[in-house]
Amino acid sequence: MTVQSEVLKPPRTEVGLLGWLKKNLFSTWYNILLTFLSIAFIYVVLRAILTWVLRDARWEVVTTNFQVFMIGRYPIKELWRVLVSLGIVVLLAVLTWIFRKAEGPVRRWLVIGWLLSLPLIGILLRGFSRESTFLPQVSEDVWSGLMLTLILAVVGIVASFPLGVVLALGRRSELPVIKVLCTVYIEMIRGVPLISVLFMSQLMLPLFLPPELRLSTVMRALTGMTLFSAAYTAENVRGGLASIPRGQYEAARAVGLNEVLVMILIVLPQALRAVIPAIVGQFISLFKDTTLVAIVGLLDLLGIAKSVVGQQEFIGLHKEVYAFAAVIFFIFCYILSYASRRLEQALGVGER
Amino acid sequence: MSQYVSMGESRKAAPFWRDERVLKVLAQIAFVVLVFAAGAWALSNYRERELAFSFSFLDEEASFHLAEGIEFSPTDSYARAFLVGVVNTIRVASLGIVFATLVGLVTGIARLSDNWLVSRIASVYIEIVRNTPLLVQLFFLYFAVILKLPNIREPLVWPGPIFLSNRGVAVPALRTTASFGSWWPFLIVALIGAGILLILRGRGIEHTGRPNFNLLWVGVPLVVIPALGWLLISGDPLWLDLPEMTSKSGGVLKIEGGTELSSEFTALLVGLVIYTGAFIAEVVRAGIMSVPKGQTEAARAQGFTGGQVLRLIVLPQALRVIIPPLISQYLNLTKNSSLAIGIGFLDLYAVSATMLNQSGRVVEVFMMIMASYLSMSLTISLIMNVVNRRIQIVER
Chain A
10 MTVQSEVLKP
20 PRTEVGLLGW
30 LKKNLFSTWY
40 NILLTFLSIA
50 FIYVVLRAIL
60 TWVLRDARWE
70 VVTTNFQVFM
80 IGRYPIKELW
90 RVLVSLGIVV
100 LLAVLTWIFR
110 KAEGPVRRWL
120 VIGWLLSLPL
130 IGILLRGFSR
140 ESTFLPQVSE
150 DVWSGLMLTL
160 ILAVVGIVAS
170 FPLGVVLALG
180 RRSELPVIKV
190 LCTVYIEMIR
200 GVPLISVLFM
210 SQLMLPLFLP
220 PELRLSTVMR
230 ALTGMTLFSA
240 AYTAENVRGG
250 LASIPRGQYE
260 AARAVGLNEV
270 LVMILIVLPQ
280 ALRAVIPAIV
290 GQFISLFKDT
300 TLVAIVGLLD
310 LLGIAKSVVG
320 QQEFIGLHKE
330 VYAFAAVIFF
340 IFCYILSYAS
350 RRLEQALGVG
360 ER
Chain B
5 MSQYVSMGES
15 RKAAPFWRDE
25 RVLKVLAQIA
35 FVVLVFAAGA
45 WALSNYRERE
55 LAFSFSFLDE
65 EASFHLAEGI
75 EFSPTDSYAR
85 AFLVGVVNTI
95 RVASLGIVFA
105 TLVGLVTGIA
115 RLSDNWLVSR
125 IASVYIEIVR
135 NTPLLVQLFF
145 LYFAVILKLP
155 NIREPLVWPG
165 PIFLSNRGVA
175 VPALRTTASF
185 GSWWPFLIVA
195 LIGAGILLIL
205 RGRGIEHTGR
215 PNFNLLWVGV
225 PLVVIPALGW
235 LLISGDPLWL
245 DLPEMTSKSG
255 GVLKIEGGTE
265 LSSEFTALLV
275 GLVIYTGAFI
285 AEVVRAGIMS
295 VPKGQTEAAR
305 AQGFTGGQVL
315 RLIVLPQALR
325 VIIPPLISQY
335 LNLTKNSSLA
345 IGIGFLDLYA
355 VSATMLNQSG
365 RVVEVFMMIM
375 ASYLSMSLTI
385 SLIMNVVNRR
395 IQIVER
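Each protein sequence line maps, in turn, to chains A and B. For our numbering, count along the first sequence from 1 and bump the result up by 9. For our numbering, count along the second sequence from 1 and bump the result up by 4.
This is how it looks when you write it as structure tokens:
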């Protein structure tokens, strides 16, 4: 009982750096082979990339056009409006981060702040009438660059949300007519590529609207993105609705709520909470998909990149320009997907 | 007391505007009326423009050139032009699905490799590709890589007879000759023979629990019978058409023979494969990880080898999880092939856009686009659902 046995340290080759190397890189003969092949591959690729980035690439095409990439044709005189909008978003984001654990009124104010920020930024960027001295109009058609990309993605997801929820409820409805119509809409949209929906909103939509109602190109693109995105939101929300146990409906009905109230007070709040990560994922893919508006002639980040490549003094610098666009998209998407993973953990979706 | 009585009475005869059954019918009628009203309003706006609606333009002469795909001349009809586009889309989508599956499978397994470096490389590839838009990747590939390749007169020579230039890629092609007609019956016989052997082997497994001969024997008729046929008939039935650099008169070099893939086709195919491959890799990884570790350990404890564990234990279970998201990746790839218009490949969508500009038949052409994509999506779903049903293990 009292005999103290000597505790042997593990052999040096099993722990620490050596142990890690042995376990992860040199465990078997084919692992050793793979390791050396990988090192050779990384060396070749990294060397090619680094020599290009640091030596061969002509980055002045990006540095001189940086402002064009960001806001495109937005008048320089009105630049402050973009900066203020950016400031609002950053401020709200910082406040949300600081009060991320807070409950109650603070949280409610933050939600209200976010909801108000959208129309506020919209008014700020678009202005009132052409003649007014305070905030003169900047038509949507000159919105461009990264700014337009962000607006398209955010408005697309926000505007598609209510429509998506209605469609999801419609698809789950017991009423056959509503169910069939909603299902047909969702499956039709999901079955065709976004680019065809965008073209349709550019070319076909005006034919079905009264001639006096003329939408700008950007508005038509936004309509297309919203109609498209709503079908995907609907499927995500439907997944959330399906995850709510039947007992919740039954209990709520037993308490005496009618069907509409059961939905609004009991089911939707739980279902929507469950679909937040899926919606963030959808936002990421919508953000990437906004590039398609470049094909229908809008000047989003990619559209601007296309026109920058055509500049006389920078002709043929496709690699630099598209690489820059790719890096910007990567930064946004990577941060978003990281945030979505964190959010998933924080909400504990799928863990209960 | 009277209060209770009156309540009871009112329940017996609820006014119709509070009767759930009536309300449900009313809600549907209201919804239909609303949809119809919106539709009628849109249609009346359309009618005001006095555009005729008919598909008769399909027989008219298209009078534009299409440089890609099956034969087409400007005197052919719009219908033929549309067919060219459909065939091009099917070509790129089917090849894309095959290669993206291979890339995805390899990368997904590499992502789970014990080797730290291999799994890092795979995950860097997956993260970069998944977090940038496909269209940006396509633009980069087409404008910054493929169009910057050397001129067709001095192409890069890949190991083997493959030539890369800014006009596209020349690869070897397998071509049939006149004697192929007398050779193909041998192929059929070989297939039947192999099929019979396979059935016999299956019977053996059913009866005794172990195969009565090695799987390799099934391959014997597949090799022997066609080879016999090749010797018996006069002239080779097949020949490999290799691309070659030949100098024409005046010293101009030219690539002859083989099949030439246009630079647009190459860019689109490579772009789609790289993009969808990364997504499939994640699907494969999730599928394999869904098989509990205990399954692997139990199989190893029973003496299965590493390869057997993967083939007999892990993959059959992982496939159940993999197939459904894989279907949606295939559908995505098919739909994403419409981005061809961004780099000028003449797929179904790009041809339709040209048709639309030429004929002005916006609504008709869009109906055709919708119908084509929907039928392609349905076909893929149907095929994959059959596969899925075969693979699903019958659960208790």
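Beta carbons are placed, not taken as given, at the ideal position from N, Cα and C, and that holds for glycine.
Taking the DSSP output, what are the residues bridged to B:W162? Against the second sequence, residue 162 of chain B aligns to sequence position 158. B:I166, per the DSSP bridge assignment.
Using CA coordinates, which residue listed in B:I384, B:I113, B:V367 and B:E75 is at the minimum distance from B:Y50? For the purposes of this step, residue 50 of chain B is taken as the residue at position 46 of the second sequence. Ranking B:I384, B:I113, B:V367 and B:E75 by Cα distance to B:Y50 puts B:V367 first.
So with Cβ pairs under 9 angstroms, would you call A:K362 a contact of chain B? In this structure chain A extends from 10 to 361, so residue 362 of chain A is not present and cannot be described.
What is the residue span of the alpha helix (DSSP H) that A:D362 lies within? Nothing in the structure corresponds to residue 362 of chain A, since chain A is present only between 10 and 361.
What residues from chain A crowd round B:F370, counting only those whose CB sits closer than 9 angstroms? Along the second sequence, one-based indexing puts residue 370 of chain B at 366. Under the 9 angstroms cutoff, chain A gives S205, F208, M209, L212 and M213.
Stretch pair the region 269-280 of chain B + the region 137-144 of chain B: three plus CB contacts closer than 8 angstroms: yes
A:A230 versus A:L345: straight-line alpha-carbon distance, rounded: Mapped onto the first sequence, residue 230 of chain A falls at position 221. Mapped onto the first sequence, residue 345 of chain A falls at position 336. Distance between the alpha carbons of A:A230 and A:L345 is about 23 angstroms.
CB contact flag (B:S60, B:L153, <9 angstroms): Translated into the one-based positions of the second sequence, residue 60 of chain B becomes position 56. Translated into the one-based positions of the second sequence, residue 153 of chain B becomes position 149. Cβ atoms of B:S60 and B:L153: not closer than 9 angstroms.
Return the CA-CA distance between B:V36 and B:S123, expressed in angstroms with no decimal places. In the second sequence, residue 36 of chain B corresponds to position 32, counting from 1. In the second sequence, residue 123 of chain B corresponds to position 119, counting from 1. Those two C-alpha atoms are separated by around 55 angstroms.
How long is the line joining the alpha carbons of B:P230 and B:S186, rounded to whole angstroms? Working through the second sequence from its first residue, we reach residue 230 of chain B at position 226. Working through the second sequence from its first residue, we reach residue 186 of chain B at position 182. Straight-line Cα distance between these residues: approximately 11 angstroms.
Residues of the region 327-354 of chain A in Cβ contact with chain B at a cutoff of 8 angstroms, in chain order, please. H327, K328, Y331, A332, A334, A335, F338, F339, C342, Y343 and S346
Please report the straight-line C-alpha distance between A:S141 and A:T73, rounded to a whole angstrom. Here residue 141 of chain A is taken as the residue at index 132 of the first sequence, counted from 1. Here residue 73 of chain A is taken as the residue at index 64 of the first sequence, counted from 1. In a straight line, the C-alpha of A:S141 is about 33 angstroms away from that of A:T73.
Tell me which same chain residues have a C-beta within less than 7 angstroms of the C-beta of B:I209, skipping the five on either side of it? Looking up residue 209 of chain B in the second sequence gives position 205. Here the set comprises P215.
With DSSP run on the structure shown, which of helix, strand or coil describes B:L178? Sequence index remark: in the second sequence, residue 178 of chain B carries index 174 (1-based). Correct three-state label for B:L178: strand.
Do B:D351 and B:V96 have their C-beta atoms closer together than 9 angstroms? If you number the second sequence from 1, residue 351 of chain B lands on position 347. If you number the second sequence from 1, residue 96 of chain B lands on position 92. Yes, Cβ-Cβ distance for B:D351 and B:V96 is below 9 angstroms.
Return the CA-CA distance between A:R351 and A:M213, expressed in angstroms with no decimal places. To locate residue 351 of chain A, count along the first sequence from 1; it is residue 342. To locate residue 213 of chain A, count along the first sequence from 1; it is residue 204. So the two alpha carbons sit approximately 42 angstroms from each other.
Contact under 9 angstroms by Cβ, B:S67 with B:Q362: As a working mapping, residue 67 of chain B is identified with position 63 in the second sequence. As a working mapping, residue 362 of chain B is identified with position 358 in the second sequence. Yes.
Tell me whether the beta-carbon of A:R282 lies closer than 9 angstroms to the beta-carbon of A:R180. In the first sequence, residue 282 of chain A corresponds to position 273, counting from 1. In the first sequence, residue 180 of chain A corresponds to position 171, counting from 1. Not a contact, by the Cβ cut-off of 9 angstroms.
So, helix, strand or coil for B:R393, using DSSP? Against the second sequence, residue 393 of chain B aligns to sequence position 389. B:R393 falls in the helix class under three-state DSSP.
Using 8 angstroms as the cut-off, can you tell me whether the region 164-183 of chain A makes contact with the region 286-297 of chain A, which would need three or more C-beta pairs spanning the two stretches below that distance? yes
For a cutoff of 9 angstroms on Cβ pairs, would you count B:K339 as touching chain A? Against the second sequence, residue 339 of chain B aligns to sequence position 335. Closer than 9 angstroms to some Cβ of chain A, the Cβ of B:K339 qualifies, so yes.
Going along chain B in order, which residues have a C-beta closer than 7 angstroms to the C-beta of A:P219? Indexing the first sequence from 1 puts residue 219 of chain A at position 210. Neighbours of A:P219 on chain B, chain order: N49.
So, are the CB atoms of B:M374 and B:R365 less than 9 angstroms apart? Taking the second sequence and counting its residues from 1, one reaches residue 374 of chain B at position 370. Taking the second sequence and counting its residues from 1, one reaches residue 365 of chain B at position 361. Taking 9 angstroms as the Cβ cut-off, B:M374 and B:R365 do not qualify as a contacting pair.
Could you check where the alpha helix (DSSP H) with A:T73 kicks off and where it finishes? If you number the first sequence from 1, residue 73 of chain A lands on position 64. Where A:T73 is concerned, the enclosing alpha helix (DSSP H) stretches over E69 to T73.
Could you check which residue in B:D80, B:T111, B:Q306 and B:R84 has the C-alpha nearest to that of B:L282? Here residue 282 of chain B is taken as the residue at index 278 of the second sequence, counted from 1. The sequence given here places Ala at residue 282 of chain B; Leu does not occur at that position. Looking at the Cα atoms, B:T111 is the closest of the given residues.
Just to confirm, are A:E149 and A:V98 a CB contact at a threshold of 9 angstroms? Walking along the first sequence from the start, residue 149 of chain A turns up at place 140. Walking along the first sequence from the start, residue 98 of chain A turns up at place 89. No, the pair does not count as a contact, with Cβ atoms beyond the cut-off.
Name the DSSP beta bridge partners of A:G154, please? Residue 154 of chain A sits at position 145 when you count from the first residue of the first sequence. For A:G154, which the question treats as bridged, DSSP gives the partners A:D309.
Expressed to the nearest angstrom, what Euclidean distance is found between the alpha-carbon atoms of A:Q279 and A:R117? Counting from one through the first sequence, the residue named residue 279 of chain A turns up at place 270. Counting from one through the first sequence, the residue named residue 117 of chain A turns up at place 108. Between A:Q279 and A:R117, the C-alpha separation is close to 17 angstroms.
Can you give me the Cβ contacts of A:A66 inside the same chain, cut-off strictly under 6 angstroms, excluding the 5 residues immediately before and after it? What you label residue 66 of chain A is simply residue 57 of the first sequence in a count that begins at 1. Contacts found: E329.
State buried or exposed for B:Q306, treating a residue as buried only when at least 16 other CB atoms are found within 10 Å of its CB. Looking up residue 306 of chain B in the second sequence gives position 302. That one is exposed.
Beta-carbon proximity of B:S342 to B:T136, cut-off 9 angstroms: Position 338 of the second sequence, counted from the first residue, corresponds to residue 342 of chain B. Position 132 of the second sequence, counted from the first residue, corresponds to residue 136 of chain B. For B:S342 and B:T136, no; Cβs fall outside 9 angstroms.
Cross-chain neighbours of A:T300 in chain B, by beta carbon under 7 angstroms: Residue mapping note: residue 300 of chain A aligns to position 291 of the first sequence, counting from 1. Neighbours of A:T300 on chain B, chain order: P137, L139 and V140.
Can you tell me whether B:Y353 is buried or exposed? The criterion is at least 16 other CB atoms within 10 Å of its CB, across all chains shown. Here residue 353 of chain B refers to the residue found at position 349 when the second sequence is read from its first residue. With 16 or more other Cβ atoms within 10 Å, it is buried.
Minimum C-alpha distance to A:Q146 - residue among A:L155, A:G154, A:G136 and A:W152: Taking the first residue of the first sequence as 1, we reach residue 146 of chain A at position 137. Residue A:G136 is the option with its Cα nearest to A:Q146.
DSSP three-state label for B:S363, please. For this step, residue 363 of chain B is matched to residue 359 along the second sequence. Correct three-state label for B:S363: helix.
A:T235: first and last residue of the uninterrupted alpha helix (DSSP H) it sits in: Walking along the first sequence from the start, residue 235 of chain A turns up at place 226. Unbroken alpha helix (DSSP H) run through A:T235: T226 to A251.
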